Amino acid sequence: MKTAPTEFTTRVIATIAKIPRGKVATYKQIAALSGKPHGSRGVAWILNSSSQKHKLPWYRVLSSRGRISFPLKSKHYVLQMAKLKREGVRFKDNGDIDMAKYQWKKKVAKPARLQPRMFS
DNA sequence: CGCGTGACTCAGG
DNA sequence: TCCTGAGCCACGC
């Protein structure tokens, strides 16, 4: 019997699986959405240990500054960048990604717009 | 139960 | 902008 994963781990897996194509999220963001605002290192550990097993879109998870968390010339870096580009994510010359444009924004409940009131 | 190890993050210098 | 130190979290030994 293998030990059951913690709830945090389960949530992290589920959360990452929900990141939409063409969008990205940060370790910190995943951790917060999973209930632990300071569990970014845990997220990284989980990704490293079971991203393949759960077939997760690990490449959609970036560092808080919006850049790939691998050494610039590493195999992983190149692969991750290729996968993201294939989904339409563009990289700046310095290797950063425009988070304002690509970061996944989990929907909450949108009043969206305020209608001018017609009856007072 | 403590220790070491990470695909982390933030504050300083 | 790069390097450190400290804080944080999961997991295997």
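Numbering that gives the first Met the number 0 applies: residue 0 is where the first sequence begins, and numbers increase by one. Virtual Cβ for every residue (Gly too), placed ideally from N, Cα, C. This one's a predicted model, so the numbers in the text were calculated from it and none came from an experiment.
Item	Value
Alpha carbons only, please: which of Phe69, Ser50, Lys74, Leu32 is nearest the one belonging to Thr14?	Leu32
Taking the alpha carbon of Gly65 as the point to measure from, which residue in Phe7, Pro19, Ala24, Glu6 has its own alpha carbon closest?	Ala24
When you compare each of His53, Lys84, Glu6 to Lys17 by their alpha carbons, which one comes out closest?	His53
Is DSSP giving Val88 helix, strand or coil here?	coil
Please classify Ala43: does DSSP put it in a helix, a strand, or coil?	helix
Quick one: using the 10 Å Cβ neighbour count with 16 as the cut-off for buried, is Val77 buried or exposed?	exposed
Considering only their Cβ atoms, is the gap separating Leu61 from Ile29 smaller than 8 Å?	no
How far does the alpha helix (DSSP H) with Ala13 in it reach, from first residue to last?	6-16
Output needed for Gly21: all residues of its chain with C-beta closer than 8 Å, excluding positions within five of it in sequence on either side, in chain order.	Glu86, Gly87, Val88, Tyr101
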